[in-house]
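Encoded as structure tokens, the structure appears first; notes follow it.
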Amino acid sequence: MRDSAGKNPLQTVRDAGKAGLRLTDFRPQSMLRLRETRIERPRFPVIDVHTHLSWMSQTRSGVSVGEEMTWFASPEEVLPIMERKGIRAMVNLTGGVGTGLEAAIDRFDRAAPGRFLTMTEPSFEHIAEPDYPRRQADALAHARRAGACGLKLLKTLGLYLREHVDEGVRLTIDDRRFDSMWATCADLNLPVFIHSADPAAFFLPTDARNERYEELANHPDWSFYGEEFPSYDELIAARDRVIARHPRTTFVLMHVGSQAEDLAAISACLARHPNVHVDISARVGELGRQPRASRQFFERWQDRILFGTDAVPSPWGDEVPQQLLGDALYEIYYRFLETEDEYFDYAPAEIPPQGRWAIYGVGLPDAILRKIYHDNAARLLGLSA
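Quick note on my numbering: the sequence shown kicks off at 1 and runs consecutively.
Put into structure tokens, the structure is as follows:
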């Protein structure tokens, strides 16, 4: 029994035996007793504009090349989830190019008409060829005829792609060789879904001050800190120059434009450029920890925000639970958007994978929910109401 007679309760001696707990072993259980609302089905049908059901099989230093595809799932595996979770349609962003794109459209779009839509990707492997702008424009025209619903760019452009794919000078997002690509998308009515940069913390040292320390420790190749890479601000500025140069092209900035931590900045981008939309994929962890600011953001830009998850089927998504395709992922998104629940997990994982925090629901009204879940995407992709 402790002898506490006459002891000042503020004067304590640290327990040296507990000072060495590793961060990876720290799994606190919240003592809060709060409302827990389970939303198994959304209030309105959903179009998930950001999923990955396939991938180009070959890569060179982070740049996808060739036409061969790797399949992450089949329609038969995904459709039951869609039925349970009220998902009208999924957009498979990484649909490849050429014969790979045709195979992806056959595998998904034609197998279940109206339930899947497929996007094409740039043919970066031809970037060093003198006629690249024309070849890229021709590839987009072929993709449109094949049934592609848009063009998807990974963060490859700006972070990985070099003059000779994997050698030479790193190319910028606003390289003039891509001007014909952006313009052709406008001519063909193909929206451009572009992922530029990444969370701001990925461009800082992976040290004790970085709030994404555990995530970067688990995925060190996600760190873009150092002279080898352009800065976060440089990437965003180059992206914005492209948008300004191509006002006829519709751009959808993935992951809240990689600016979910700075909603004032992405709001300014939306205000400057009426041809810009955003999706919320893989960013409820950011939006949900600033619920009042996020609610205002949804209210202001309700006509230009799309629902997306960045979902990836197992086993490819197992290491990124905030993206793992399944019922639990969708229920978190629905809870975030539809309720005012407090302090709940943003990913179906024991340890928060992106940062050690919880999120709060924004409780959107029906009029806004309908737009976010469905109507904005339906209008952008030319689907019936």
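Glycine included, every Cβ here is placed at the ideal spot set by N, Cα and C.
Which one or two residues does DSSP pair with Val91 in a beta bridge? Locating residue 91 in the sequence shown gives position 91, where the first residue counts as 1. In the DSSP output, where bridge partners are listed per residue, Val91 has Leu117.
For Gly288, the nearest candidate out of Ala260, Ala271 and Gln58 (CA to CA): Stepping through the sequence shown from its first residue, residue 288 is reached at position 288. Nearest to Gly288 by alpha-carbon distance, out of Ala260, Ala271 and Gln58, is Ala260.
Residues that Met69 bridges to, as DSSP identifies them: Locating residue 69 in the sequence shown gives position 69, where the first residue counts as 1. Beta-bridge pairing by DSSP links Met69 to Met56.
Helix, strand or coil at Ala358 [DSSP, three-state]: Reading the sequence shown from its first residue, position 358 is the one you call residue 358. Ala358 falls in the coil class under three-state DSSP.
Own chain partners of Lys371 with C-beta closer than 7 Å, once the 5 adjacent residues on each side are dropped: Your numbering for residue 371 matches position 371 in the sequence shown. Counting only Cβ-Cβ distances below 7 Å, and skipping sequence neighbours, we find Gln302 and Asp303.
Beta-carbon proximity list for Trp316, same chain, < 6 Å, skipping 5 on both sides: Mapped onto the sequence shown, residue 316 falls at position 316. Cβ-Cβ distances below 6 Å link Trp316 to Phe72 in the same chain, with the five nearest sequence neighbours on each side left out; the list follows chain order.
Paired residues, beta bridge with Thr51 - DSSP: Taking the sequence shown and counting its residues from 1, one reaches residue 51 at position 51. As a beta-bridge residue in DSSP terms, Thr51 pairs with Asn92 and Ala311.
Since I believe Gln322 is in contact with Tyr346 (beta carbons under 8 Å), could you give me their beta-carbon distance rounded to a whole number of angstroms? By 1-based counting over the sequence shown, the position of residue 346 is 346. By 1-based counting over the sequence shown, the position of residue 322 is 322. Between Tyr346 and Gln322 the beta-carbon gap is near 7 Å, inside 8 Å, which marks them as a contact.
Tell me, please, which residues DSSP counts as bridged to Asp174. Translated into the one-based positions of the sequence shown, residue 174 becomes position 174. Answer is none; Asp174 lacks a bridge partner.
Could you tell me the alpha carbon to alpha carbon distance between Ala378 and Phe251, rounded to whole angstroms? Taking the sequence shown and counting its residues from 1, the one referred to as residue 378 is at position 378. Taking the sequence shown and counting its residues from 1, the one referred to as residue 251 is at position 251. Straight-line Cα distance between these residues: approximately 15 Å.
Which residue from Ile332, Asp198 and Phe108 puts its Cα closest to that of Pro230? For this step, residue 230 is matched to residue 230 along the sequence shown. If we check each option's Cα against that of Pro230, Asp198 comes out closest.
Pairwise C-alpha distance: Ile87 and Val46: Counting from 1 along the sequence shown, the entry for residue 46 is found at position 46. Counting from 1 along the sequence shown, the entry for residue 87 is found at position 87. Cα-Cα distance, rounded: 5 Å.
N-terminal and C-terminal residue of the beta strand (DSSP E) that Ile194 is part of: As a working note, residue 194 is residue 194 in the sequence shown. Segment Val192 to Ile194, the beta strand (DSSP E) holding Ile194.
Arg379 in three-state terms, based on DSSP: By 1-based counting over the sequence shown, the position of residue 379 is 379. Helix, per DSSP.
Please give the ranges of any alpha helix (DSSP H) in the stretch 242-268, keeping only runs that are unbroken, at least 4 residues long and fully inside the region. Residue ranges of uninterrupted alpha helix (DSSP H) with 4 or more members, entirely inside the stretch 242-268 and ordered along the chain, are 254-257.
Just mark Asn92 as buried or exposed, buried being the case when its beta carbon has 16 or more other beta carbons within 10 Å. Position 92 of the sequence shown, counted from the start, is the residue given in the question as residue 92. Label assigned to Asn92: buried.
Starting from Asp279, follow the beta strand (DSSP E) in both directions and report where the run begins and ends. Mapped onto the sequence shown, residue 279 falls at position 279. In the DSSP annotation of this structure, the continuous segment of the beta strand (DSSP E) that includes Asp279 starts and ends at Val276 to Asp279.
Using the beta-carbon count (16 or more within 10 Å), is Gln11 buried or exposed? The residue given as residue 11 occupies position 11 in the sequence shown. Label assigned to Gln11: exposed.
Just the Cα atoms here: how many angstroms apart are Tyr330 and Gly363? The residue you call residue 330 lines up with position 330 of the sequence shown. The residue you call residue 363 lines up with position 363 of the sequence shown. If you take the alpha carbons of Tyr330 and Gly363, they lie about 16 Å apart.
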